[in-house]
Structures are given as C-alpha cells and as structure tokens.
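Colleague:
There are 2 protein chains.
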Amino acid sequence: MNGYSISKATLGRLPLYLQYLKSLPAVNGATISATAIARGLSLGDVQVRKDLAAVSGAGKPKIGYERTKLIDDLERHLGYERLTNAVLVGAGKLGRALLDYDGFEEFGVKIVAGFDCNEQALQIGKNTKPILPIKDIASYCAEYNVKLGIITVGKGSAQDVCDQLVASGIEAIWNFAPCTLKVPSSVLLKQENLALSLAYLNNQISK
Amino acid sequence: MNGYSISKATLGRLPLYLQYLKSLPAVNGATISATAIARGLSLGDVQVRKDLAAVSGAGKPKIGYERTKLIDDLERHLGYERLTNAVLVGAGKLGRALLDYDGFEEFGVKIVAGFDCNEQALQIGKNTKPILPIKDIASYCAEYNVKLGIITVGKGSAQDVCDQLVASGIEAIWNFAPCTLKVPSSVLLKQENLALSLAYLNNQISK
DNA sequence: CAGTAATCGATAAGAGAATACTGATAAAAG
DNA sequence: CTTTTATCAGTATTCTCTTATCGATTACTG
Numbered sequence: 026m027n028g029y030s031i032s033k034a035t036l037g038r039l040p041l042y043l044q045y046l047k048s049l050p051a052v053n054g055a056t057i058s059a060t061a062i063a064r065g066l067s068l069g070d071v072q073v074r075k076d077l078a079a080v081s082g083a084g085k086p087k088i089g090y091e092r093t094k095l096i097d098d099l100e101r102h103l104g105y106e107r108l109t110n111a112v113l114v115g116a117g118k119l120g121r122a123l124l125d126y127d128g129f130e131e132f133g134v135k136i137v138a139g140f141d142c143n144e145q146a147l148q149i150g151k152n153t154k155p156i157l158p159i160k161d162i163a164s165y166c167a168e169y170n171v172k173l174g175i176i177t178v179g180k181g182s183a184q185d186v187c188d189q190l191v192a193s194g195i196e197a198i199w200n201f202a203p204c205t206l207k208v209p210s211s212v213l214l215k216q217e218n219l220a221l222s223l224a225y226l227n228n229q230i231s232k
Numbered sequence: 026m027n028g029y030s031i032s033k034a035t036l037g038r039l040p041l042y043l044q045y046l047k048s049l050p051a052v053n054g055a056t057i058s059a060t061a062i063a064r065g066l067s068l069g070d071v072q073v074r075k076d077l078a079a080v081s082g083a084g085k086p087k088i089g090y091e092r093t094k095l096i097d098d099l100e101r102h103l104g105y106e107r108l109t110n111a112v113l114v115g116a117g118k119l120g121r122a123l124l125d126y127d128g129f130e131e132f133g134v135k136i137v138a139g140f141d142c143n144e145q146a147l148q149i150g151k152n153t154k155p156i157l158p159i160k161d162i163a164s165y166c167a168e169y170n171v172k173l174g175i176i177t178v179g180k181g182s183a184q185d186v187c188d189q190l191v192a193s194g195i196e197a198i199w200n201f202a203p204c205t206l207k208v209p210s211s212v213l214l215k216q217e218n219l220a221l222s223l224a225y226l227n228n229q230i231s232k
C-alpha cells in the first residue's frame with residue numbers, strides 16, 4: 026500500500042483523463058474541476074477525484090485542478106516522457122496498420138521496426154519504418170534497446186515468435202494472436218482479443 | 026439470479042474457453058476437466074469451474090466435462106449461431122485490416138461492408154467486401170438489417186459518424202476513435218483504445 | 001464582512017469478483 | 001469390496017473496486 030501502488034482499474038482510466046485534458050480548448054481556463062471531468066467522460070465525480078488523488082493530489086475547493094500541472098503529473102506517472110522502443114512481428118494487414126499508426130507515440134511507445142518471415146513483405150514502408158527478416162530480430166533488439174514486442178502473426182507461429190522475442194530480451198509482449206502464450210514470469214504478457222470485444226457486443230444486443 | 030444473469034467478467038472469459046476447447050486435438054479424448062482447462066489458460070481451476078457452471082453445469086467428478094456438449098453450450102449461450110451483420114466506417118489502414126479479417130465470423134459477427142467519405146477509398150476490395158460512400162449508409166443498414174457499427178475514423182469525425190449510425194438504426198457501436206461518444210441509452214457502446222493497452226504495458230515495465 | 005455555493009479529501013459502506021474451503025461423487029487401484 | 005485419488009459443487013471468506021456520506025476549504029455575492 027505504498028505510494029506506487031495504483032489499482033489496475035485506475036491505471037486504465039488515467040490515459041482517458043490525459044486525453045480529455047489535452048483535448049480541452051484553452052478557452053476553458055487554466056483550471057478544471059473533477060466534476061467537470063466526470064461530466065465530460067460520463068464517470069462519477071468521486072471516482073475521478075480518487076483517481077486524480079492517486080497521481081496528483083493537489084486540488085483546491087471551488088477551483089479544481091490546475092490543468093497543466095495535472096497533465097504533467099499524469100504523463101510523468103504514466104512514464105510517457107521516456108520513449109520505449111517496440112518491435113512488431115507479423116506484417117500482415119493488422120500488423121502494418123499498427124506500424125503506420127502514429128497514435129502510440131504520444132503514449133510513450135515507439136514502434137521502431139516490423140519483422141516478418143515472408144520475403145515479400147520485406148520492404149521499406151512509406152512511413153520510414155523498415156520491415157526486416159525475422160532472423161535479425163535478436164541483434165536488432167539488442168542494438169536499439171527494445172523493451173516491448175507486439176505479435177500480429179497467426180496463431181500457428183505465435184508461440185514460436187514469442188519465444189524468439191523472449192530470447193531477444195524483451196520485457197513485455199502484446200499479443201494479438203488468438204491463443205494463449207507461455208512466457209517466463211519475468212516477461213509481462215498482455216493478450217488482446219479483438220474478436221472478444223465484438224463477441225461481447227454481439228451477445229449483449231441479442232441478449 | 027435467473028439463468029440469464031452472467032457476470033461481465035465471466036462473459037469475457039467464455040470466448041476464451043470456447044477457443045481453447047476448439048483448439049484441442051481430438052486425441053485428448055471426449056472429456057476434459059476444469060483443472061486441465063485452467064492449466065491451459067493459466068487461470069484458477071475454481072474460476073473455470075464456476076464460469077462453466079453458469080452456462081453448462083454438467084460435470085462429472087474424476088471425468089470432467091464432455092467437450093462437444095461444452096462447446097455447444099458455450100456457443101448457444103453466446104448466441105454465436107445467429108450471424109449479426111455489421112458495417113465499418115472509416116476505410117483507413119486499421120479499418121481495412123478489420124474488414125479483411127475473417128476471424129470475427131466465427132464469433133457470430135459478419136462485417137458486410139465498409140463506408141468512407143473519401144472518394145479514393147471507394148473501391149471493391151479484393152476480399153469481396155465493398156467500400157461504399159457514407160451517404161448510402163442509412164439505406165444500406167435498413168436493407169441488410171445491420172445491427173452493429175464499427176467506427177475507425179479519426180476523432181474529429183467520430184461523433185458525426187456515430188450520429189449517422191444511430192440514425193441508421195444501429196443497436197451497438199464499437200468505437201476505435203480515441204474519444205468519448207455520446208449515444209442514446211438504447212444504443213450499446215464499447216470503447217476500444219488500443220493505445221491504452223500499450224500504455225498499460227509501458228507503465229508496468231518502467232514501473 | 002458574513003453567508004452561500006461549489007469543490008475537495010477522507011472515511012465508510014456497498015457491490016462484485018476471485019479465491020479458499022468443505023463435502024460429495026465417481027473412477028481406479030489394491 | 002474397500003481405499004485412494006481426482007474431480008465437481010456449494011458455501012464462505014477475502015479482496016478489490018465503486019459509490020455514498022461528511023466535514024473542511026475556498027471563492028463568490030450581497
């Protein structure tokens with residue numbers, strides 16, 4: 026229960042606050058209240074206040090929080106100012122879409138290169154990010170200090186790719202392949218299942 | 026506490042079980058225990074058992090569950106056998122990647138068409154899914170009984186697109202744009218923020 | 001300068017989910 | 001046929017997250 030422990034649920038909302046604060050026009054003044062944020066994001070005001078207290082803790086009654094300070098605190102706490110290098114394996118359609126998506130950089134993650142075993146995919150994309158042969162991945166990761174690996178290959182080769190990433194010294198893996206991967210406990214794994222989100226929606230509407 | 030109420034957390038895991046059961050080779054026999062499933066998915070055995078009890082409830086000691094029956098129960102309960110039609114708005118890189126991804130259909134959702142306002146994008150993709158001008162969306166949704174809309178446009182036009190989808194009679198929206206949308210309470214909204222997942226990972230590894 | 005309104009922080013209460021525990025059941029082994 | 005082992009089901013406990021409540025603080029208003 027030290028100052029570093031932030032609940033997962035709260036952590037998940039922090040980027041939301043950051044995004045919302047950044048999207049506000051400067052016209053709205055230099056300060057903003059938790060109540061206003063809650064209205065903007067359709068959350069409870071108490072929850073917003075609690076979340077913000079975990080990272081910042083300086084709010085004045087009747088005034089609210091200083092916007093620039095709040096943004097700073099959020100960014101610092103999320104570690105967004107250090108850029109983490111990431112690689113992506115699997116230059117299929119989804120893989121290339123993520124490669125070309127610039128939105129990650131504002132969250133502190135930079136995808137520096139893509140890898141693929143298919144020779145046809147080995148080309149320099151128009152967005153300056155190279156797609157390299159998978160065999161070079163270990164040396165590349167070592168050279169560029171890559172901490173994070175993204176897997177967008179089919180489920181057949183996902184575990185194989187995963188093992189290679191782990192061997193390359195990756196610290197965290199973001200897996201889009203619809204399968205469960207085995208990783209050492211020292212490596213952080215986040216499973217992304219897009220179809221699952223859809224399935225949830227589908228189930229809700231057909232009730 | 027009737028048969029219809031399943032917790033959101035459980036519901037989110039059901040597709041995992043389904044996927045795992047389907048991926049098992051037939052060699053493993055016709056039955057499987059909750060303990061085995063738990064091992065395969067790195068979950069607690071008790072949790073698996075509890076989840077399965079919510080949809081099936083027939084398990085024998087020492088034996089486990091009958092695999093085919095379990096798959097049937099899962100599929101029926103998730104409503105996967107009815108195919109829901111979906112449209113996607115925003116034929117950018119991510120949009121096209123999702124359009125071309127076939128994996129959704131096994132979860133009961135079929136993306137039947139993409140829409141975009143950009144004339145250059147109006148073409149028939151190689152995967153037989155048409156990309157149409159956005160102005161036709163209302164009539165298209167009515168004709169094909171579309172229940173679900175996917176938004177992959179930039180945040181600038183997301184709300185506008187959302188309103189059009191709602192006006193077209195959509196029941197649920199899956200939004201990839203990094204912004205909060207306003208929808209009537211009758212419409213189900215699921216926000217997908219890919220950058221958020223990355224941010225979470227990044228925060229964890231830099232601790 | 002006093003009163004009012006808005007907001008904050010903290011503690012407490014509530015709900016929901018994960019986990020642990022206990023007893024029961026069925027197959028397998030001796 | 002009895003004992004052992006693996007598994008299931010149900011209850012209870014614990015944990016986490018959310019929501020509610022209360023007093024305190026600060027700006028605004030008359």
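Residue numbers (the working numbering), protein chains in the order written: chain A, 26 to 232; chain B, 26 to 232.
C-beta atoms are modelled at their ideal positions from N, C-alpha and C, and glycine is treated no differently.
Note that the coordinates shown come from a computational prediction; the quantities given were computed from them, not determined experimentally.
1) Taking Cβ-Cβ distances shorter than 7 Å, what residues in chain B pair up with D125 (chain A)?
2) Using a Cβ-Cβ distance cut-off of 7 Å, determine whether T205 (chain A) contacts chain B.
3) Decide if L36 (chain A) is buried, meaning its Cβ has at least 16 other Cβ atoms within 10 Å, or exposed.
4) Pull the bridge partners of N200 (chain B) from the DSSP assignment, please.
5) Can you tell me where the alpha helix (DSSP H) holding D70 (chain B) begins and where it ends?
6) Under a CB-based cut-off of 7 Å, is E217 (chain A) close to chain B?
7) Would you report the Cα separation of F140 (chain B) and S58 (chain B), rounded to the nearest angstrom?
8) Determine the direct distance from the alpha carbon of K215 (chain A) to that of N228 (chain B), and round the result to whole angstroms.
9) How about G128 (chain A) and A220 (chain B): do their beta carbons lie closer than 7 Å?
10) Given Y169 (chain B), which residues of its chain have a CB within under 7 Å of its CB, disregarding the five upstream and five downstream residues?
11) On the three-state DSSP scale, how would you describe Y50 (chain B)?
12) Answer yes or no: does any C-beta atom of chain A fall closer than 7 Å to that of N228 (chain B)?
13) Are the CB atoms of K172 (chain A) and E196 (chain A) nearer to each other than 7 Å?
14) Starting from G65 (chain B) and walking both ways along the alpha helix (DSSP H), at which residues does that stretch end?
15) Measuring alpha carbon to alpha carbon, tell me which residue in B:P50, B:Y45, B:E100 is nearest V73 (chain B).
16) Can you list, in chain order, the residues of the stretch 42–74 of chain A whose Cβ is nearer than 8 Å to any Cβ on chain B?
17) Could you compute how far the alpha carbon of L223 (chain B) sits from the alpha carbon of V52 (chain A)?
Modeller: Inspection of the coordinates gives the following:
1) K118
2) yes
3) buried
4) B:I176, B:Q216
5) 70–80
6) yes
7) 45 Å
8) 13 Å
9) yes
10) N110, V137
11) According to the sequence provided, residue 50 (chain B) is Pro. The question's Tyr does not apply to it. DSSP places P50 (chain B) in coil when its eight states are reduced to three.
12) yes
13) yes
14) 59–66
15) B:Y45
16) Q44, Y45, S48, G65, L66, S67
17) 31 Å
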